[in-house]
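These notes are about the structure you will find just below.
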Amino acid sequence: MFAERQETSERLLGVLSESEVNEMARLFSDFVDGCLSVPINVPGFTYHVAMKARETIISKIKRIIEIRRQQKPTSKVGNVVLGRLIEEESLLDNVMAYVIINLLFAGNKTMPKTMLFAVYFLTKCPRALKQLMVDMLINIYISHSLL
5 MFAERQETSE
15 RLLGVLSESE
25 VNEMARLFSD
35 FVDGCLSVPI
45 NVPGFTYHVA
55 MKARETIISK
65 IKRIIEIRRQ
75 QKPTSKVGNV
85 VLGRLIEEES
95 LLDNVMAYVI
105 INLLFAGNKT
115 MPKTMLFAVY
125 FLTKCPRALK
135 QLMVDMLINI
145 YISHSLL
(Lines of atoms letter the chains of each structure in order from A; the text may use other names.)
(Lines give C-alpha, C1' and ligand atoms only; values in the text may rest on other atoms or scores of the structure.)
Protein backbone atom coordinates (compact mmCIF):
# COMPACT_ATOMS: atom_id res chain seq x y z
CA MET A 5 0.00 0.00 0.00
CA PHE A 6 2.83 2.40 0.86
CA ALA A 7 4.53 1.79 -2.50
CA GLU A 8 1.35 2.81 -4.33
CA ARG A 9 0.99 5.97 -2.22
CA GLN A 10 4.69 6.74 -2.65
CA GLU A 11 4.44 6.43 -6.43
CA THR A 12 1.40 8.71 -6.59
CA SER A 13 3.06 11.26 -4.31
CA GLU A 14 6.25 11.12 -6.33
CA ARG A 15 4.47 11.64 -9.66
CA LEU A 16 2.25 14.47 -8.47
CA LEU A 17 4.33 16.32 -5.88
CA GLY A 18 7.89 15.05 -6.04
CA VAL A 19 9.54 12.73 -3.53
CA LEU A 20 8.05 12.84 -0.04
CA SER A 21 9.21 11.00 3.06
CA GLU A 22 7.31 7.97 4.31
CA SER A 23 5.85 9.98 7.20
CA GLU A 24 4.68 12.75 4.83
CA VAL A 25 3.13 10.22 2.47
CA ASN A 26 1.30 8.51 5.35
CA GLU A 27 0.09 11.87 6.70
CA MET A 28 -1.21 12.94 3.27
CA ALA A 29 -2.87 9.52 2.83
CA ARG A 30 -4.65 9.86 6.17
CA LEU A 31 -5.80 13.40 5.38
CA PHE A 32 -6.92 12.39 1.92
CA SER A 33 -8.86 9.44 3.31
CA ASP A 34 -10.67 11.81 5.70
CA PHE A 35 -11.37 14.15 2.78
CA VAL A 36 -12.80 11.41 0.53
CA ASP A 37 -14.94 9.96 3.32
CA GLY A 38 -16.44 13.39 3.92
CA CYS A 39 -17.18 13.94 0.25
CA LEU A 40 -19.47 10.91 0.43
CA SER A 41 -21.29 12.04 3.57
CA VAL A 42 -24.11 14.39 4.50
CA PRO A 43 -22.72 17.94 4.04
CA ILE A 44 -23.10 19.25 7.58
CA ASN A 45 -20.13 21.50 8.29
CA VAL A 46 -20.31 21.35 12.09
CA PRO A 47 -17.56 19.96 14.35
CA GLY A 48 -18.04 16.27 14.98
CA PHE A 49 -19.56 15.53 11.57
CA THR A 50 -17.66 13.65 8.86
CA TYR A 51 -18.08 16.48 6.35
CA HIS A 52 -16.50 18.96 8.78
CA VAL A 53 -13.54 16.62 9.28
CA ALA A 54 -13.25 16.39 5.48
CA MET A 55 -13.19 20.17 5.02
CA LYS A 56 -10.51 20.52 7.70
CA ALA A 57 -8.48 17.75 6.04
CA ARG A 58 -8.87 19.53 2.68
CA GLU A 59 -7.59 22.79 4.19
CA THR A 60 -4.60 20.96 5.66
CA ILE A 61 -3.85 19.21 2.35
CA ILE A 62 -4.00 22.55 0.52
CA SER A 63 -1.65 24.19 3.03
CA LYS A 64 0.79 21.26 2.74
CA ILE A 65 0.72 21.47 -1.06
CA LYS A 66 1.31 25.24 -0.89
CA ARG A 67 4.29 24.61 1.40
CA ILE A 68 5.66 22.10 -1.12
CA ILE A 69 5.14 24.69 -3.89
CA GLU A 70 7.19 27.24 -1.94
CA ILE A 71 9.97 24.70 -1.33
CA ARG A 72 10.02 23.73 -5.03
CA ARG A 73 10.21 27.39 -6.08
CA GLN A 74 13.18 27.98 -3.78
CA GLN A 75 15.05 24.96 -5.11
CA LYS A 76 17.09 25.29 -8.23
CA PRO A 77 15.25 23.83 -11.20
CA THR A 78 16.16 20.20 -11.72
CA SER A 79 14.95 17.75 -14.28
CA LYS A 80 13.38 15.67 -11.48
CA VAL A 81 11.21 18.56 -10.24
CA GLY A 82 10.15 19.38 -13.80
CA ASN A 83 9.09 15.80 -14.44
CA VAL A 84 6.40 15.74 -11.75
CA VAL A 85 2.96 17.27 -12.22
CA LEU A 86 3.52 19.96 -9.59
CA GLY A 87 6.84 20.91 -11.20
CA ARG A 88 5.11 21.40 -14.55
CA LEU A 89 2.40 23.52 -12.93
CA ILE A 90 5.03 25.69 -11.22
CA GLU A 91 6.85 26.15 -14.54
CA GLU A 92 3.64 27.65 -15.98
CA GLU A 93 4.16 30.69 -13.70
CA SER A 94 0.68 31.98 -14.55
CA LEU A 95 -1.14 29.75 -12.06
CA LEU A 96 -1.92 30.83 -8.52
CA ASP A 97 -0.82 28.53 -5.71
CA ASN A 98 -4.47 27.81 -4.82
CA VAL A 99 -5.18 26.73 -8.39
CA MET A 100 -2.17 24.39 -8.38
CA ALA A 101 -3.30 22.90 -5.05
CA TYR A 102 -6.83 22.35 -6.40
CA VAL A 103 -5.45 20.66 -9.52
CA ILE A 104 -3.38 18.27 -7.38
CA ILE A 105 -6.35 17.47 -5.10
CA ASN A 106 -8.58 16.86 -8.12
CA LEU A 107 -6.00 14.53 -9.65
CA LEU A 108 -5.68 12.65 -6.37
CA PHE A 109 -9.46 12.33 -6.14
CA ALA A 110 -9.86 11.26 -9.76
CA GLY A 111 -7.22 8.57 -9.38
CA ASN A 112 -8.54 7.32 -6.07
CA LYS A 113 -10.03 3.87 -5.69
CA THR A 114 -13.17 5.44 -4.25
CA MET A 115 -14.13 6.78 -7.66
CA PRO A 116 -16.44 3.79 -8.32
CA LYS A 117 -18.13 4.49 -4.99
CA THR A 118 -18.58 8.14 -6.02
CA MET A 119 -20.09 7.06 -9.32
CA LEU A 120 -22.43 4.71 -7.47
CA PHE A 121 -23.62 7.59 -5.29
CA ALA A 122 -24.13 9.76 -8.39
CA VAL A 123 -26.27 7.11 -10.07
CA TYR A 124 -28.21 6.52 -6.86
CA PHE A 125 -28.98 10.22 -6.37
CA LEU A 126 -29.87 10.68 -10.05
CA THR A 127 -32.45 7.89 -9.75
CA LYS A 128 -33.91 9.63 -6.69
CA CYS A 129 -34.11 13.01 -8.45
CA PRO A 130 -35.83 12.71 -11.85
CA ARG A 131 -35.46 16.44 -12.51
CA ALA A 132 -31.66 16.26 -12.17
CA LEU A 133 -31.58 13.14 -14.34
CA LYS A 134 -33.66 14.87 -17.02
CA GLN A 135 -31.35 17.92 -16.98
CA LEU A 136 -28.29 15.67 -17.23
CA MET A 137 -29.80 13.87 -20.22
CA VAL A 138 -30.60 17.19 -21.93
CA ASP A 139 -27.04 18.42 -21.34
CA MET A 140 -25.57 15.18 -22.69
CA LEU A 141 -27.75 15.28 -25.81
CA ILE A 142 -26.77 18.90 -26.44
CA ASN A 143 -23.08 18.00 -26.08
CA ILE A 144 -23.48 15.02 -28.43
CA TYR A 145 -25.28 17.19 -30.98
CA ILE A 146 -22.62 19.91 -30.79
CA SER A 147 -19.73 17.43 -31.09
CA HIS A 148 -21.34 15.73 -34.12
CA SER A 149 -22.10 19.02 -35.83
CA LEU A 150 -18.44 20.05 -35.49
CA LEU A 151 -17.25 16.95 -37.37
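Letter by letter, the sequence shown follows residues 5 to 151 in this note's numbering.
Positions of the beta carbon are idealized from the N, C-alpha and C atoms, including for glycine.
According to the neighbour-count rule (16 or more other Cβ atoms, all chains shown, within 10 Å of its Cβ), is Cys129 buried or exposed?
-> In the sequence shown, counting from the first residue as 1, residue 129 sits at position 125. Exposed is the call here.
According to the neighbour-count rule (16 or more other Cβ atoms, all chains shown, within 10 Å of its Cβ), is Ala159 buried or exposed?
-> Outside the modelled stretch of the chain, which goes from 5 to 151, sits residue 159, for which no answer is possible.
Looking only at C-alpha atoms, which of Arg67, Gly111 and Phe109 sits nearest to Ile90?
-> Position 86 of the sequence shown, counted from the first residue, corresponds to residue 90. It is Arg67.
Measure the C-alpha to C-alpha separation of Val85 and Ala29 and round it to an integer number of angstroms.
-> The count along the sequence shown starts at 1 and reaches residue 85 at position 81. The count along the sequence shown starts at 1 and reaches residue 29 at position 25. The straight-line gap from Cα to Cα measures roughly 18 Å.
Residue range of the alpha helix (DSSP H) that Leu95 falls in?
-> Residue mapping note: residue 95 aligns to position 91 of the sequence shown, counting from 1. No alpha helix (DSSP H) contains Leu95, which DSSP labels as neither H nor E.
Going by CA-CA distance only, name the one from Phe49, Ser33, Val46 and Ile71 that's closest to Arg58.
-> Position 54 of the sequence shown, counted from the first residue, corresponds to residue 58. Closest option to Arg58, Cα to Cα, is Ser33.
Skipping 5 residues on each side, what residues in its chain have a beta carbon closer than 8 Å to that of Thr60?
-> Here residue 60 corresponds to residue number 56 of the sequence shown, with the count starting at 1. Taken in chain order, the residues that qualify are Leu31.
Rounded Cβ spacing between Ala101 and Ile62 (contact assumed at less than 8 Å) = The residue labelled residue 101 in the question sits at position 97 within the sequence shown. The residue labelled residue 62 in the question sits at position 58 within the sequence shown. So it is a contact: roughly 4 Å between Cβ atoms.
Nearest to Val36 by CA position, among Arg73, Ala54, Gly48 and Glu70, is which residue?
-> Here residue 36 is taken as the residue at index 32 of the sequence shown, counted from 1. Closest by alpha carbon: Ala54.
Specify, as a first and last residue, the run of the alpha helix (DSSP H) that Cys39 falls within.
-> Residue mapping note: residue 39 aligns to position 35 of the sequence shown, counting from 1. Where Cys39 is concerned, the enclosing alpha helix (DSSP H) stretches over Glu22 to Cys39.
CB Leu107 to CB Leu16, shorter than 8 Å?
-> Locating residue 107 in the sequence shown gives position 103, counting from the first residue. Locating residue 16 in the sequence shown gives position 12, counting from the first residue. Contact: yes.
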